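Numbering-wise (the numbering used here), the sequence shown opens with residue 11 and increments by one.
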Amino acid sequence: MTRYAQEILDIVNCSHEHLTAEEIYLNLKNGDSKVVLATVYNNLAKLTKEKLIKKISFDEGKDRYDKIIRHDHLICSKCGKISDVTCQDLTEQLKNTLGVDILSYDLKINYICEECKKESD
11 MTRYAQEILD
21 IVNCSHEHLT
31 AEEIYLNLKN
41 GDSKVVLATV
51 YNNLAKLTKE
61 KLIKKISFDE
71 GKDRYDKIIR
81 HDHLICSKCG
91 KISDVTCQDL
101 TEQLKNTLGV
111 DILSYDLKIN
121 YICEECKKES
131 D
């Protein structure tokens with residue numbers, strides 16, 4: 011693994027946030043790195059393909075990156091805030107319902123967070 015790939019992997023795995031490629035890039039630049047944004051995108055693609063990190067894609071907005079642990083995501087439909095949530099593993103239930111083997115699934119639950127609710131009131 012290259013130095014930049016390892017640094018990116020460490021940033022994603024140590025973060026409590028769901029970072030964009032640009033945020034990862036800025037994190038590297040703050041560490042006095044001479045990395046360019048294209049290198050970050052290339053390494054993120056490689057780390058995702060190797061299943062060392064997870065890419066969270068959205069219909070609108072930028073992809074975000076997360077560590078590999080079994081969890082799902084709550085996403086505020088107003089502000090875009092992402093929170094980790096651990097739900098019961100649905101693999102067997104999905105397999106029985108759909109009648110196919112499930113390799114993996116990505117559960118994104120859309121809701122309105124408390125802060126946005128307060129702003130609406």
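All C-beta atoms in this analysis are idealised placements derived from N, C-alpha and C, irrespective of residue type, glycine included. Note that the structure is a prediction, hence the values are computed from the model and not measured.
Can you give the Cα-Cα distance for residue i and residue j, rounded to whole angstroms?
{"i": "I78", "j": "K64", "result": "6 angstroms"}
{"i": "H83", "j": "I119", "result": "6 angstroms"}
{"i": "I18", "j": "V50", "result": "8 angstroms"}
{"i": "R13", "j": "E33", "result": "18 angstroms"}
{"i": "L38", "j": "E124", "result": "32 angstroms"}
{"i": "R80", "j": "Y115", "result": "10 angstroms"}
{"i": "N106", "j": "Q98", "result": "15 angstroms"}
{"i": "K56", "j": "E129", "result": "40 angstroms"}
{"i": "S93", "j": "H26", "result": "9 angstroms"}
{"i": "Q16", "j": "V95", "result": "27 angstroms"}
{"i": "T101", "j": "L117", "result": "11 angstroms"}
Here's the rule: buried if 16 or more other CB atoms are within 10 angstroms of the residue's CB, otherwise exposed. What is residue i?
{"i": "N53", "result": "buried"}
{"i": "I122", "result": "exposed"}
{"i": "A48", "result": "exposed"}
{"i": "A31", "result": "buried"}
{"i": "H28", "result": "buried"}
{"i": "V46", "result": "exposed"}
Any heavy atom of the ligand PLP closer than 7 angstroms to the Cβ of residue i?
{"i": "S93", "result": "No copy of the ligand PLP occurs in the structure displayed, which carries no ligand at all."}
Using DSSP bridges, identify the partner residues of residue i.
{"i": "C86", "result": "Y121"}
{"i": "I92", "result": "I85"}
{"i": "L100", "result": "According to DSSP, L100 bridges with nothing at all."}
{"i": "R74", "result": "I66"}
{"i": "L29", "result": "Y75"}
Return the Cβ separation of residue i and residue j in integer angstroms, given the expectation that the two are a contact with Cβ distance under 8 angstroms.
{"i": "S67", "j": "D73", "result": "5 angstroms"}
{"i": "C86", "j": "C24", "result": "Actually they are not in contact, since the Cβ atoms of C86 and C24 sit about 24 angstroms apart, beyond 8 angstroms."}
{"i": "G71", "j": "G90", "result": "6 angstroms"}
Three-pair Cβ contact test at 8 angstroms for the region 93–111 versus the region 44–62: no
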